[in-house]
Each structure stands twice: as C-alpha cells, then as structure tokens.
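Chain order of the listed sequences is A and B.
Count the first sequence with our numbering and you get residues 1063 to 1284, in order.
Count the second sequence with our numbering and you get residues 6 to 124, in order.
Worksheet for the structure shown next.
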Amino acid sequence: ARAPAPPGPAAALLQALWLPNVHRGAPTPRPVPPVMWRLFRHRDPQEARVGPRRTPQGTTLRPCHVEELGVAGNIVRHIPDRGAPTRPPEPARAAGQCPEWTVVFDLSAVEPAERPSRARLELRFAAAEVPAGWELSITQAAEGEGAGPVLLRQAVPTLGTPVRAELLGAAWPRNASAPRSLRLALALRPRVPAACAHLAEASLLLVTLDPRLCHPLARLRR
Amino acid sequence: EAEPAVGGSPGGTCRTRRLYVSFREVGWHRWVIAPRGFLANYCQGQCALPATLSGPGGTPPLNHAVLRALMHAAAPGAGGLPCCVPARLSPISVLFFDNSDNVVLRHYEDMVVDECGCR
C-alpha cells in the first residue's frame, strides 16, 4: 500500500501544535470576548515585551497554570450558547411564572485527553432592578425530555453585572472528561413579584489541562 | 524571516539567531487572532574552545561539552565538537477561532529560544 504523503510544512506545524489540521478558512467573525484578550495579554510574554516567564506585573508565570483564574490549565475556551440565538420576546408574567431558557454548549472540540479544571457559566440579563434580588436555578436538560435534576441554585443580588456559576462538579463530575455537548435549562425568578428578566447572552468559559502540551520539565519547574 | 546562516559551515560562535515565524506566511491569519507571529529564533555556531566555555552571564557550560571541545582540540578526529542547541526556552500563547467558532487560548511551552548553549 502506498504510504500517505508526508504533510506539508503548514500541516506539520498544525500537527505539532495539536491544532485541527484542517481549518475551514475564515471563521464567522465575532468580537473577541474581553476576558480572552485579558488572559492572552496576561500570559503572552512576547505580547507584553517583558521577557520570558514574567507577567507585565512582574509575577512569575507558572507553566500549565492559568494565573488569573487560579487553576491548572493550558487551554481556555470561550464557548457561546448555541441555543436559539434569537429568542422570541417573552411576555411579562407574574412572579413564579417567568420563562425558562435552554442553552446549549458544543464541547465537541474538547479532546478526551483534556482534563477540565474550570467551567464557568456566564449569563447577561436585562431587567429592571429588583431590590430583593433573584434566584437562578440550573437544570440538566435533555432534548425532548422533561426537566432533569436541579444542578444548582444560586441567589443573584443584582443583574447589573454578569451572573457567573461554576458548573464543574455540578454539570459533570469533577474528574471526568467534558461531555460532547452541554444542554441546560435556566430559570431566573424574582424573589418578590416583579417583571421577569430577559436573557441577553450566555457563554461558557472552559479551562482544561492537556497533559500532552505540558512538558514534564515544565511540570518539574513548577 | 531568518537571520541568514553564515556560509555553508556553521560559522561564528554558538549563539541565538533571529527567526520570526509569521502566521500570515503559513496562511493562518484568518483564524489566528493574536499574535501575528512570534520570534522563535534558532541556535547556530561553533562550539570550539573558548566558545564552549561561555562567558559571564551566558548559560553555564556543561562539563561534558568542555571535555569534548578539549578532546577535539587535542585530537580533531575523535568524536567531533559539541552541538549548539537551545539552552533556555520560553512559552507562547495563541488566541484563535477553532472550527466551532469558539475563541480559544492555547498555551505552548518551550517555543522561543532565549539562549543557546553547547551540549
């Protein structure tokens, strides 16, 4: 049998960098989330021009670690919600009758060898302020089935800033590989009768550690 | 872009030479958000005496490399000189869109040659 043709230089470099060797050209343009810019600038010594292994603040960078998020990791993904991108306006309802939203995150790009160390759900709501605050509940949702178990409940004092919820250990076991897809039902209820909120944006910040990119020497250094 | 290698044989003493890798050159510029490229550098040069005994502030020489340089000076045919290789490396991070249009930050260790040494 004929041996496969050796990859060209670009394909070989992609392979060496553990990147998908076939990239389908121009991605759908979307703004780069500020958190990703911040993490990049914090991490890339060449970008900060301060020399190897130091952040612009002068602290030493630990290999295979995401300093700003305080966890082990060498891959950070910002995954947008794939649910219904355009939501029909929800009719304002009485308290307790607020709508539920289903959000879907495509995690198929995460490889089995990668170990998740952080899975932070970030939600942006639009609503009039309610002094008494809100309660967020997150349920596992399966396509076409009823509500699954409640994964977590969380008090939300204000909607002025993004609402964050840590899913690692709640949406899937802490030491397990990431699922290929994550489907959640969200409900946000005001603590006192008030108009319902509107979910403006949902995204997942997923940090994983790929041991194949983490050289033993780097670990020893740590 | 690379600093031109000196002639056919690796002339000059062992040191870091400039090598800039441009993502545009390999056609990744549409999906790599940052950086546009990075200074990877490379090592080249002679590891004969006294280069093998690197000067103040450089990478401390390995005894074995000094031994080989001495052997070579005494009997050129025996074993050849030590090699000029990366002695200290730095990481880089790459921010890009993956095939699912997620924004991904990947961190790669040991991608930039900061210092060369004789080994």
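Backbone N, C-alpha and C define an ideal beta-carbon position, used for all residues, glycine too.
| query | result |
| --- | --- |
| C-beta contact flag for Met1098(A) and Leu100(B) at 8 angstroms | yes |
| Residue range of the beta strand (DSSP E) that includes Phe102(B) | Cys89 to Phe102 |
| Amino acids of chain A, ordered along the chain, whose beta-carbon sits closer than 8 angstroms to that of Leu24(B) | Simply none; closest approach about 13 angstroms. |
| Contact with chain B by Asp1168(A), beta-carbon distance below 8 angstroms | yes |
| For Pro1147(A), the three-state DSSP class (helix, strand or coil) | Confidence is the limiting factor: at Pro1147(A) the pLDDT is only 48, short of 50, which leaves the residue's position unreliable and the question unanswerable from this model. |
| Residue burial classification, Gln1077(A) (beta-carbon count within 10 angstroms, cutoff 16) | exposed |
| Listed by chain order, chain B residues near His1140(A) by CB distance under 9 angstroms | Asn107, Val108, Val109 and Leu110 |
| Cβ of Arg1155(A) within 8 angstroms of any chain B Cβ | The pLDDT assigned to Arg1155(A) is 47, lower than 50, so where the model puts this residue is not dependable, and the model offers no usable value. |
| Neighbour-count burial assignment, His1140(A), 16 or more Cβ in a 10 Å radius | buried |
| Alpha carbon of Glu1263(A) to alpha carbon of Ala1072(A), nearest angstrom | 36 angstroms |
| Endpoints, alpha helix (DSSP H) assigned at Phe28(B) | Neither: Phe28(B) is in no alpha helix (DSSP H) and is coded neither H nor E. |
| Near-chain A residues of the stretch 38-60 of chain B (beta-carbon distance less than 9 angstroms), N- to C-terminal order | Ile38, Ala39, Pro40, Phe43 and Leu44 |
| Residue burial classification, Asn1237(A) (beta-carbon count within 10 angstroms, cutoff 16) | exposed |
| Limits of the beta strand (DSSP E) - the one that Ala53(B) falls within | No beta strand (DSSP E) contains Ala53(B), which DSSP labels as neither H nor E. |
| Helix, strand or coil at Leu1229(A) according to DSSP, with G and I counted as helix | coil |
| Any 3 or more C-beta pairs closer than 8 angstroms across the stretch 1188-1195 of chain A and the stretch 1252-1270 of chain A | yes |
| Amino acids of chain A, ordered along the chain, whose beta-carbon sits closer than 8 angstroms to that of Gly122(B) | Simply none; closest approach about 15 angstroms. |
| Distance between beta carbons of Leu1268(A) and Ala1181(A), contact taken as under 8 angstroms | 5 angstroms |
| Cα-Cα separation, Glu1184(A) to Arg23(B) | 42 angstroms |
| Terminal residues of the alpha helix (DSSP H) in which Val71(B) lies | Asn68 to Ala79 |
| Any C-beta of chain B under 8 angstroms from that of Ala1088(A) | yes |
| Limits of the unbroken alpha helix (DSSP H) element including Val1097(A) | Pro1096 to Arg1105 |
| Beta-carbon separation (whole angstroms), Trp1163(A) vs Leu1244(A), contact threshold 8 angstroms | With a Cβ gap of about 14 angstroms, Trp1163(A) and Leu1244(A) do not count as contacting. |
| Beta-carbon contacts of Gly42(B) that lie in its chain and below 8 angstroms, excluding the five residues immediately before and after | Tyr25, Val26, Ser27, Phe28, Arg29 and Glu30 |
| Near the ligand MN: Pro87(B) beta-carbon under 7 angstroms from a heavy atom | In terms of ligand content, the structure shown is empty, and the ligand MN therefore cannot be addressed. |
| Arg20(B) at chain A interface by Cβ criterion, 8 angstroms | no |
| Inter-stretch contact at 8 angstroms, needing at least 3 Cβ pairs: the stretch 102-120 of chain B / the stretch 38-56 of chain B | yes |
| CB contact check: Arg1046(A) to chain B, cutoff 8 angstroms | Given a span of 1063 to 1284 for chain A in the structure shown, any question on residue 1046(A) remains unanswerable. |
| Residue-level contact to chain B via CB, Leu1246(A), 8 angstroms cutoff | no |
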